[in-house]
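Asker:
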Amino acid sequence: MSKRVKDFLNIILNGTALGVVAGLIPNAVLSTLFKYLGTLFAPSVFTTLSQAMYLLQFSIPVLVGVIVGQSLKFKPLESAVLGATVLAASGSLTFNAQTKAWTGVPMGDLFNVILITAIGALVLSYVKDKFGAVTIIFLPITGGLVAALGLVTLPYTKSLTKLLASLLFEFTTLQPVLMCVLITMAFSFLIVTPVSTVAMGLILFTNENYVGAGAATLGLVSAAAVLAIGTFRANSKGASVAILLGAIKLMMPNCARKPQLFLTILTTAAVTGLSGYFLKILGTHESAGFGIIGLIGPTKSYAMNGGNLLPILLAFFVIPFVVAFLADRLYSDVLKLYKPEAYKPESL
1 MSKRVKDFLN IILNGTALGV VAGLIPNAVL STLFKYLGTL FAPSVFTTLS QAMYLLQFSI
61 PVLVGVIVGQ SLKFKPLESA VLGATVLAAS GSLTFNAQTK AWTGVPMGDL FNVILITAIG
121 ALVLSYVKDK FGAVTIIFLP ITGGLVAALG LVTLPYTKSL TKLLASLLFE FTTLQPVLMC
181 VLITMAFSFL IVTPVSTVAM GLILFTNENY VGAGAATLGL VSAAAVLAIG TFRANSKGAS
241 VAILLGAIKL MMPNCARKPQ LFLTILTTAA VTGLSGYFLK ILGTHESAGF GIIGLIGPTK
301 SYAMNGGNLL PILLAFFVIP FVVAFLADRL YSDVLKLYKP EAYKPESL
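The sequence shown finishes on residue 348 if you use UniProt numbering, and the numbering steps up by one all the way, no holes.
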């Protein structure tokens with residue numbers, strides 16, 4: 001693969017990661033706090049604040065397009081067109097034929113976001129200097145045509161998530177200990193890919209598989225522990241905090257460039273998943289895809305295990321971080337499979 005292609009793909013991944021983080025972090029950090037404060041005083045004020053934080057997530061496709069455009073040295077109009085193109089093709093807005101109204105979901109399908117960002121960037125790079133004085137008319141139209149292509153590819157990219165879910169569903173039929181380990185490892189891997197772990201959790205665990213849902217939650221915690229410790233070692237303390245607050249997908253480019261990082265993540269997940277089984281960590285289809293974001297995973301498990309706090313503290317805040325620290329030292333310092341700088345995000 002040529003350097004130009006690698007650089008282009010790196011820009012796409014970095015732009016996607018940064019756009020996801022910028023759109024998700026406000027809600028991840030503040031939603032739980034605002035809900036709690038709203039029960040104490042000024043409920044209407046905190047309801048409005050919560051809605052604002054939630055709505056920011058709908059900007060993710062636009063943010064991805066604009067950030068990639070800026071990284072490619074696009075002019076303001078070109079970046080704006082790419083952002084609008086990605087939004088239209090992302091699947092975050094869909095038409096409901098029954099209600100005859102548009103409905104939205106945050107972020108859309110990240111596979112399609114990445115695909116159309118790449119295609120749109122290539123197309124706009126080719127045509128941006130071709131229209132002369134009528135650029136302001138025909139460049140947005142070109143973006144609309146690329147967006148139409150995105151609507152064609154959207155059902156196929158969505159089916160990738162469903163296909164992965166059908167494969168992972170086989171894990172739920174296994175002996176409980178093995179199921180917990182494999183589900184934890186699978187979710188720790190998926191969280192640093194374009195796959196939506198929230199959607200995956202909703203698909204997999206609607207059958208009241210509380211043990212499996214708890215294992216999925218611990219998978220996200222395992223990945224967060226490894227990446228937070230790794231970025232801290234790489235002197236990216238801001239990234240470390242962001243990861244703990246939910247910005248795990250920030251590390252997609254790093255894991256793509258250095259797949260050895262998955263060894264640390266999967267090792268941590270295996271041990272954490274095993275401990276989660278013996279500590280009786282539970283979850284639901286609604287909490288499975290969140291991990292420790294907004295403390296959704298720990299609070300749900302705490303409510304389901306009869307209010308026993310010690311297993312929650314061990315499974316979510318002690319074991320994964322201790323194992324992550326040791327596994328990182330093993331693969332980085334002892335086996336020399338990667339350097340600490342492998343964790344340093346390029347997009348920050």
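We treat Cβ as the ideally placed atom computed from N, Cα and C, and that holds for glycine.
Measure the alpha-carbon distance for residue 174 versus residue 205 and round it to whole angstroms.
Answerer: Against the sequence shown, residue 174 aligns to sequence position 174. Against the sequence shown, residue 205 aligns to sequence position 205. The straight-line gap from Cα to Cα measures roughly 14 Å.
Asker: So is residue 308 buried or exposed if we call it buried at 16+ other beta carbons inside 10 Å?
Answerer: Counting from 1 along the sequence shown, the entry for residue 308 is found at position 308. Exposed.
Asker: Compute the distance between the beta-carbons of residue 17 and residue 280, then report whether it is under 8 Å.
Answerer: The residue you call residue 17 lines up with position 17 of the sequence shown. The residue you call residue 280 lines up with position 280 of the sequence shown. Contact: no.
Asker: Quick one, are the C-beta atoms of residue 231 and residue 224 less than 8 Å apart?
Answerer: For this step, residue 231 is matched to residue 231 along the sequence shown. For this step, residue 224 is matched to residue 224 along the sequence shown. No, they are not a contact pair.
Asker: Would you kindly work out how many angstroms separate the C-alpha atoms of residue 338 and residue 261, rounded to a whole number?
Answerer: By 1-based counting over the sequence shown, the position of residue 338 is 338. By 1-based counting over the sequence shown, the position of residue 261 is 261. The alpha-carbon atoms of residue 338 and residue 261 are separated by roughly 8 Å.
Asker: Pair every Cβ in the region 125-133 with every Cβ in the region 209-221, then say whether three or more of these pairs are closer than 8 Å.
Answerer: In short, these stretches do not touch, since the Cβ pair count stays below three.
Asker: DSSP on residue 131, reduced to helix/strand/coil?
Answerer: Locating residue 131 in the sequence shown gives position 131, counting from the first residue. In this structure, residue 131 counts as coil in the three-state DSSP scheme.
Asker: Quick check: does the Cβ of residue 144 come within less than 7 Å of any heavy atom belonging to the ligand ADP?
Answerer: The ligand ADP is not part of this structure, which contains no ligands at all.
Asker: What's the gap between the Cα of residue 172 and the Cα of residue 136?
Answerer: On the sequence shown, position 172 is the one that residue 172 refers to. On the sequence shown, position 136 is the one that residue 136 refers to. Spanning the two alpha carbons is a distance of roughly 53 Å.
Asker: Could you say if the region 315-331 and the region 194-210 meet the contact criterion of at least three C-beta pairs nearer than 8 Å?
Answerer: Counting Cβ pairs under 8 Å, fewer than three are found: no touch.
Asker: Does the Cβ of residue 162 have 16 or more other Cβ atoms within 10 Å, making it buried, or fewer, making it exposed?
Answerer: As a position in the sequence shown, residue 162 is number 162, starting the count at 1. Classification for residue 162: exposed.
Asker: Do residue 282 and residue 252 have their C-beta atoms within less than 8 Å of each other?
Answerer: Translated into the one-based positions of the sequence shown, residue 282 becomes position 282. Translated into the one-based positions of the sequence shown, residue 252 becomes position 252. Not closer than 8 Å, so no.
Asker: Within 10 angstroms of the Cβ of residue 209, are there 16 or more other Cβ atoms? Answer buried if so, exposed if not.
Answerer: Numbered from its first residue, the sequence shown carries residue 209 at position 209. It is buried - the Cβ of residue 209 has at least 16 other Cβ atoms within 10 Å.
Asker: Since residue 344 contacts residue 234 with CB under 8 Å, what's their CB separation in whole angstroms?
Answerer: Taking the first residue of the sequence shown as 1, we reach residue 344 at position 344. Taking the first residue of the sequence shown as 1, we reach residue 234 at position 234. Sure, about 4 Å apart at Cβ, within 8 Å.
Asker: I think residue 220 touches residue 29, with their Cβ atoms under 8 Å apart; what is that distance to the nearest whole Å?
Answerer: Here residue 220 refers to the residue found at position 220 when the sequence shown is read from its first residue. Here residue 29 refers to the residue found at position 29 when the sequence shown is read from its first residue. Not confirmed; about 16 Å, so no contact.
Asker: Report the rounded CA-to-CA distance for residue 191 versus residue 197, giving the unit in angstroms.
Answerer: The residue labelled residue 191 in the question sits at position 191 within the sequence shown. The residue labelled residue 197 in the question sits at position 197 within the sequence shown. Distance between the alpha carbons of residue 191 and residue 197 is about 6 Å.
Asker: So, with DSSP's three-state summary, where would you put residue 104?
Answerer: For the purposes of this step, residue 104 is identified with residue 104 of the sequence shown, where counting begins at 1. The answer is strand: DSSP assigns residue 104 an E or B state.
Asker: So the candidates are 286, 86, 255, 134; which of them puts its Cα closest to the Cα of residue 207?
Answerer: Your numbering for residue 207 matches position 207 in the sequence shown. That would be 286, whose Cα lies nearest to the Cα of residue 207.
Asker: In whole angstroms, give me the CA-to-CA distance for residue 57 and residue 289.
Answerer: As a first step, residue 57 must be located in the sequence shown, where it is residue number 57. As a first step, residue 289 must be located in the sequence shown, where it is residue number 289. Using only the alpha carbons, I get a separation of about 16 Å.
Asker: For residue 96, which residues in the same chain have their Cβ closer than 6 Å to its Cβ, ignoring the five residues on either side in sequence?
Answerer: Your numbering for residue 96 matches position 96 in the sequence shown. So the list reads 103, once near-sequence residues are dropped.
Asker: Buried or exposed: where does residue 349 fall if 16 or more other Cβ atoms within 10 Å of its Cβ makes it buried?
Answerer: Outside the displayed span of the chain (1 to 348) sits residue 349, for which this structure offers no information.
Asker: Please classify residue 61 as buried or exposed, where buried requires at least 16 other C-beta atoms within 10 Å of its C-beta.
Answerer: Along the sequence shown, one-based indexing puts residue 61 at 61. Buried, because 16 or more other Cβ atoms sit within 10 Å of the Cβ of residue 61.
Asker: By alpha-carbon positions, which one of 25, 76, 40 ends up nearest to residue 53?
Answerer: Along the sequence shown, one-based indexing puts residue 53 at 53. The shortest Cα separation from residue 53 among 25, 76, 40 belongs to 25.
Asker: The alpha helix (DSSP H) that contains residue 93, what's its start and end?
Answerer: In the sequence shown, residue 93 corresponds to position 93, counting from 1. No alpha helix (DSSP H) contains residue 93, which is instead part of the beta strand (DSSP E) from 93-96.
Asker: Does DSSP put residue 326 in a helix, in a strand, or in coil?
Answerer: If you number the sequence shown from 1, residue 326 lands on position 326. Correct three-state label for residue 326: helix.
Asker: What residue range does the alpha helix (DSSP H) around residue 6 cover?
Answerer: The count along the sequence shown starts at 1 and reaches residue 6 at position 6. 3-38 is the extent of the alpha helix (DSSP H) around residue 6.
Asker: If we ignore side chains and look at the alpha-carbon of each, how far apart do residue 134 and residue 144 end up?
Answerer: As a position in the sequence shown, residue 134 is number 134, starting the count at 1. As a position in the sequence shown, residue 144 is number 144, starting the count at 1. Taking the straight line from one Cα to the other gives about 16 Å.
Asker: Starting from the N-terminal side, write out each stretch of the alpha helix (DSSP H) that is 4 residues or longer and does not extend beyond the region 154-240.
Answerer: Listed in chain order, they are 176-190, 197-204, 210-233.
Asker: With a Cβ-Cβ cutoff of 8 Å, do residue 154 and residue 89 count as a contact?
Answerer: Along the sequence shown, one-based indexing puts residue 154 at 154. Along the sequence shown, one-based indexing puts residue 89 at 89. Cβ distance < 8 Å, so residue 154 and residue 89 count as in contact.
Asker: Does residue 87 pass the burial test, meaning 16 or more other C-beta atoms within 10 Å, or should it be called exposed?
Answerer: The residue given as residue 87 occupies position 87 in the sequence shown. With 16 or more Cβ atoms within 10 Å of its Cβ, residue 87 is classed as buried.
Asker: How many angstroms separate the CA atom of residue 257 from the CA atom of residue 4?
Answerer: Start at 1 with the first residue of the sequence shown, and residue 257 comes out as number 257. Start at 1 with the first residue of the sequence shown, and residue 4 comes out as number 4. So the two alpha carbons sit approximately 15 Å from each other.
Asker: Going straight from the alpha carbon of residue 111 to that of residue 272, what length do you get?
Answerer: In the sequence shown, counting from the first residue as 1, residue 111 sits at position 111. In the sequence shown, counting from the first residue as 1, residue 272 sits at position 272. Looking at the two C-alpha atoms, the distance is approximately 28 Å.
Asker: On the CB-based measure, 16 or more other CB atoms within 10 Å of its CB, does residue 49 come out buried or exposed?
Answerer: Walking along the sequence shown from the start, residue 49 turns up at place 49. So residue 49 counts as buried.
Asker: How is the alpha helix (DSSP H) around residue 66 delimited, first residue to last?
Answerer: Indexing the sequence shown from 1 puts residue 66 at position 66. Looking at the DSSP string, the run of the alpha helix (DSSP H) that includes residue 66 is 60-71.
Asker: Suppose the cutoff is 7 Å on Cβ atoms and the five residues either side in sequence are ignored; what does the same chain contact list for residue 70 look like?
Answerer: Position 70 of the sequence shown, counted from the start, is the residue given in the question as residue 70. Same-chain partners within the cutoff: 79.
Asker: Locate the alpha helix (DSSP H) running through residue 267, then write down its first and last residues.
Answerer: Mapped onto the sequence shown, residue 267 falls at position 267. That run of the alpha helix (DSSP H) goes 261-278.
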